[in-house]
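Each remark here refers to the structure printed beneath this line.
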Amino acid sequence: MLRILSNLTFAVRIRKDLKFQPLRRCFTKTKGIVDNNVEQKWFSTNDDEILQIVNECKLKQLTKYIEPSYAEAIISNRTNNGPYKSLNDLISQNELTSEHLNNFYTLINSLKIRQKKWGKFVLSPAIKDIVMPKTVLGIHIGLDALTWTLLSSDLKILDWDCLIWHDTTRCINNIDLVNKALSFVQTLPLSSCYVVEEFKIRNRTLSYLLFIQQLYIAIICFLKLKESQGWNNLMESKNNICVLKYMASAHFFKLVVGNETIATKYITKLILNNEPIDDKELKLHVDDEVKHKFTTKSIEHQEQMGWSLVKALTLIRLVTIFNDNQKCRKND
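Going by numbering that gives the first Met the number 0, the first residue of the sequence shown is number 0, and it counts up by one from there.
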């Protein structure tokens, strides 16, 4: 009897789970079957957006979402019969399948994500055109170390190192912070672009975080000063010091659980093993000398160096996404 009750409870739980599962995620292709009521099943909350696109877009714009032959048919029927009033009208008039609409929806979401990502993750600069830099230097200010990663646009790690800035056995005053910031900036390898991340103090009871914030500001000031003095011939244009929004790199690579970040160890391990780090089969190249420099550091410093790498990689990925989106707009 207990076993029967347990099985019934499990079955009810499964049915409840299935009831609330988004249907478009459960979609599987069945050859030869066309669902005539796709509007109700998959697109009840997105039909207005799709209908706006098919009723307003010109041919070149529409082919971003669907094959040219179907795009031509959609526009021809729209011209002859007037705007589409529902997705079922769109299906019946153009012999579309549920698979076509599912792809349609996916591409709409993809382009929307591309358009939003730059503003979502980048604080400065806010510019229209972005040239992919030849090299990006990611900078991370850790609890006791200043770390950097020099990354080329073809995803090769050229330099990966750290400088200890905080000795817990002695107090730090403002002059010490300024000197450490200046020494750090002078130590950094030259790059065509520098990227840091906005720093915020969430727990003001931790006084040492105030020192990190002051150090962050001092480093930015020295970078901007040297930029204005034309110190770096590698810089291809102005505004090549990029500031990511707070926790942008962690969010970009899904290293956030709730309000807390998780370790970069998983990403660095994949890189050192020459494995892809995401579903885009993104691989980084690191030679033995750079790899040895990283592996000889303590675990704490490796973690801080991992964050400088993630920051540099975030910027390169964002520039790629931004430029892809700009090409789409120019083709409209």
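C-beta atoms are modelled at their ideal positions from N, C-alpha and C, and glycine is treated no differently.
Through-space distance from L106 to D323, alpha-carbon basis: Working through the sequence shown from its first residue, we reach residue 323 at position 324. Working through the sequence shown from its first residue, we reach residue 106 at position 107. Spanning the two alpha carbons is a distance of roughly 14 Å.
Alpha carbon of C25 to alpha carbon of S227, nearest angstrom: Position 26 of the sequence shown, counted from the first residue, corresponds to residue 25. Position 228 of the sequence shown, counted from the first residue, corresponds to residue 227. Residue placement at C25 cannot be trusted, given a pLDDT of 33 that sits under 50; what the coordinates show is reported in the next sentence. Whole-angstrom Cα-Cα distance: 55 Å.
8 Å contact criterion, which F221 and V184 should meet: CB distance rounded: Numbered from 1 along the sequence shown, position 222 holds the residue referred to as residue 221. Numbered from 1 along the sequence shown, position 185 holds the residue referred to as residue 184. Going by Cβ atoms, the distance from F221 to V184 rounds to 4 Å, so yes, they are a contact pair.
Whole-angstrom distance between V255 and I261, CA atom to CA atom: Position 262 of the sequence shown holds residue 261. Position 256 of the sequence shown holds residue 255. Roughly 6 Å separates the two Cα atoms.
Check whether Y69 and N93 have beta carbons under 9 Å apart: As a first step, residue 69 is located in the sequence shown; it is residue number 70 there, counting from the start. As a first step, residue 93 is located in the sequence shown; it is residue number 94 there, counting from the start. Yes, they are a contact pair.
A72 versus D47: straight-line alpha-carbon distance, rounded: On the sequence shown, residue 72 is found 73 positions in, with the first residue counted as 1. On the sequence shown, residue 47 is found 48 positions in, with the first residue counted as 1. Here the alpha carbon of A72 sits roughly 20 Å from the alpha carbon of D47.
Start-to-end residues for the beta strand (DSSP E) that takes in D158: Along the sequence shown, one-based indexing puts residue 158 at 159. K155 to I163 is the span of the beta strand (DSSP E), which, as asked, contains D158.
C-beta atoms of T313 and F252 nearer than 9 Å: As a first step, residue 313 must be located in the sequence shown, where it is residue number 314. As a first step, residue 252 must be located in the sequence shown, where it is residue number 253. For T313 and F252, yes; Cβs fall inside 9 Å.
Close Cβ partners of I276 (< 6 Å) along its chain, the five nearest in sequence each way excluded: Within the sequence shown, numbered from 1, the residue matching residue 276 stands at position 277. Excluding residues within five positions, the ones whose Cβ falls inside 6 Å are I266 and L269.
Contacts around V135, its chain only, beta-carbon distance under 7 Å, and the 5 residues preceding and following it disregarded: On the sequence shown, residue 135 is found 136 positions in, with the first residue counted as 1. Same-chain partners within the cutoff: L150, S190, C192, V194, A311, L314 and I315.
Euclidean distance between Cα positions of L145 and Q301: Here residue 145 refers to the residue found at position 146 of the sequence shown. Here residue 301 refers to the residue found at position 302 of the sequence shown. Approximately 11 Å, taken between the alpha carbons.
Residue interval of the beta strand (DSSP E) (run including E196): Residue numbering aside, residue 196 sits at position 197 when the sequence shown is read from its first letter. Per DSSP, E196 belongs to the beta strand (DSSP E) from Y193 to E196.
DSSP three-state assignment for T260, whether helix, strand or coil: Locating residue 260 in the sequence shown gives position 261, counting from the first residue. Strand at T260.
C-beta atoms of V121 and L281 nearer than 9 Å: Taking the sequence shown and counting its residues from 1, one reaches residue 121 at position 122. Taking the sequence shown and counting its residues from 1, one reaches residue 281 at position 282. No.
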